[in-house]
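Numbering (full-length UniProt numbering), first residue to last: 1 to 480. One structure below.
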């Protein structure tokens, strides 16, 4: 019981609120009656969280409550909208909307609203991020207040630093990061890091839909970000990716290149720290969520590193490796937790799997076509520090490559969506409220295949264009 009490402490939203206050995020002023209402909501949230935590500790493997029913939690109990706009006097202002804990009888309604809102965000932004909105139901009380940006965020340095930090775990950043790495640094390391990223994120996203743990209650937490707020909170996949990518990069480069490992470790620690702290600062995760994500990385790194090396060699050198990789991705998609309902984490998982399959399949094609053949010398190698001309070519490759990716994404997304909706004879809707199986299948299949094609463009099509233009990286063909 002592262990469970400690977990309850780490999951306490007031711990996150204290962290926010320390770094200059103040709670908006509210009237006494609202403060009383907020305290009551927090008490209800804590009681519910303790109940779910104890149930999760006992029955995490079965994914069910003590009464045998599915352990579905209402995400809206921890929901909070925080939107910036310009008020009439030209100052930045914000809207904070919080909902109290929702009775179990309304859980399905809340979940459906969350599904609809998450899909609306997907359609508008084209990413796997999620937005939330609040329906004006008579049986739900809604607390809204307008307040000034400067009243809430009193230290702009920390605000912009942690906003940058959270972008280090965002799909937009990794789209650019992995592309830059394959085009300008080392494809062999890139393949292994992508595999590690895919394995850990698949497990982390799946655990979110199995555990179904809500994000920190708002208030007392001030939610400074809307994206992903409709996902469940534990484990923090930002913490997973913030630890997995930099440390995997250090591990796989240390066996190929001669450089001061200490500097790499310091950089990886700083990277991971700023990502994890940013999630607390923005009010998106509890300390327990962060520690769970880091624990997942630590636990999986030891078996995953040799597995990744073995898989890379197996896929690359087998003539059917690309097909097997694609089918394995499809199989893992069907095994993704989430059932027949729309899940933001499930949608992200399809994007991650599609990206991994596409990136590695492109390298497999390069090997099968003898475009990459292996190095003339065994590692480790000296690092070739770039000259001004090399930096210029790197920038040129990045610009041209990103243009190719943006164009391919736009074409493939619209084409595949249209194909699946016509094939299944369903009408496309802007929300997935009470979506049928064919609708969910069409949405997720389109996402998976779209990102498979994007990955292929990153590692196969774009390098082919670079080669035709005479701007290919000289060591590209040696990286096995």
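Glycine included, every Cβ here is placed at the ideal spot set by N, Cα and C. Keep in mind it's a predicted model, so treat the numbers as computed, not measured.
Range covered by the alpha helix (DSSP H) that runs through residue i
i           : result
residue 276 : 261 to 281
residue 304 : 287 to 317
residue 472 : Careful: residue 472 lies outside any alpha helix (DSSP H) and carries neither H nor E.
residue 448 : 437 to 456
residue 352 : 344 to 368
residue 158 : 156 to 167
residue 23  : Element bounds for residue 23: n/a, residue is neither H nor E.
residue 246 : 237 to 254
residue 403 : 388 to 423
residue 320 : Run containing residue 320: none; DSSP gives neither H nor E here.
Residue i versus residue j: straight-line alpha-carbon distance, rounded
i           : j           : result
residue 223 : residue 215 : 10 angstroms
residue 320 : residue 266 : 40 angstroms
residue 398 : residue 180 : 6 angstroms
residue 465 : residue 155 : 46 angstroms
residue 426 : residue 446 : 14 angstroms
residue 365 : residue 207 : 33 angstroms
residue 387 : residue 13  : 50 angstroms
residue 241 : residue 19  : 22 angstroms
residue 274 : residue 423 : 45 angstroms
residue 5   : residue 260 : 43 angstroms
residue 389 : residue 349 : 39 angstroms
residue 170 : residue 238 : 8 angstroms
residue 322 : residue 438 : 27 angstroms
residue 306 : residue 184 : 25 angstroms
residue 272 : residue 243 : 5 angstroms
residue 337 : residue 209 : 6 angstroms
residue 226 : residue 153 : 16 angstroms
residue 194 : residue 410 : 23 angstroms
residue 441 : residue 420 : 9 angstroms
residue 347 : residue 332 : 13 angstroms
residue 217 : residue 197 : 29 angstroms
residue 394 : residue 176 : 13 angstroms
residue 311 : residue 292 : 27 angstroms
residue 469 : residue 335 : 42 angstroms
residue 457 : residue 408 : 8 angstroms
residue 453 : residue 190 : 17 angstroms
residue 327 : residue 369 : 21 angstroms
residue 444 : residue 250 : 33 angstroms
residue 157 : residue 304 : 37 angstroms
residue 476 : residue 262 : 27 angstroms
residue 478 : residue 313 : 14 angstroms
residue 219 : residue 474 : 55 angstroms
residue 264 : residue 160 : 24 angstroms
residue 254 : residue 414 : 42 angstroms
residue 418 : residue 377 : 49 angstroms
residue 489 : residue 21  : No answer is possible for residue 489: the residues shown for the chain start at 1 and end at 480.
residue 205 : residue 178 : 20 angstroms
residue 25  : residue 211 : 29 angstroms
Beta-carbon proximity list for residue i, same chain, < 7 angstroms, skipping 5 on both sides
i           : result
residue 289 : 233, 234, 235, 236
residue 472 : 463, 466
residue 396 : 471
Sequence-distant residues of its chain with Cβ nearer than 6 angstroms to residue i (five each side left out)
i           : result
residue 459 : 182, 359, 362, 363
residue 462 : 401, 404
residue 355 : 451, 455
residue 367 : 316
residue 213 : 232, 233, 234
residue 285 : 233, 236, 279
residue 165 : 274, 275, 278
residue 167 : 173
8 angstroms Cβ shell around residue i - same chain, five flanking residues per side excluded
i           : result
residue 258 : 380, 381, 382, 383
residue 162 : 23, 274, 277, 278, 281, 282
residue 300 : 199, 200, 203
residue 480 : 188, 316, 367, 372, 373, 374, 375
residue 351 : 128, 171, 447, 448, 451
residue 318 : 324
residue 412 : 449, 450, 453, 454
Cβ separation of residue i and residue j, assumed to be a contact under 8 angstroms, to the nearest whole Å
i           : j           : result
residue 449 : residue 416 : 5 angstroms
residue 481 : residue 297 : No information on residue 481 is available, as it lies outside the stretch 1 to 480 that the chain covers here.
residue 247 : residue 192 : In fact, because the Cβ distance is near 12 angstroms, the residues do not count as touching under 8 angstroms.
residue 221 : residue 16  : 5 angstroms
residue 229 : residue 345 : Actually they do not touch by this definition, with Cβ atoms about 12 angstroms apart.
residue 309 : residue 256 : In fact, because the Cβ distance is near 12 angstroms, the residues do not count as touching under 8 angstroms.
residue 10  : residue 287 : 5 angstroms
residue 329 : residue 353 : 5 angstroms
8 angstroms Cβ cutoff, residue i in contact with chain B
i           : result
residue 465 : In the structure shown, chain B cannot be found, because there is only a single protein chain.
May I have a chain-ordered list of the alpha helix (DSSP H) segments no shorter than 4 residues that lie completely inside the segment 182 to 216? 187 to 211
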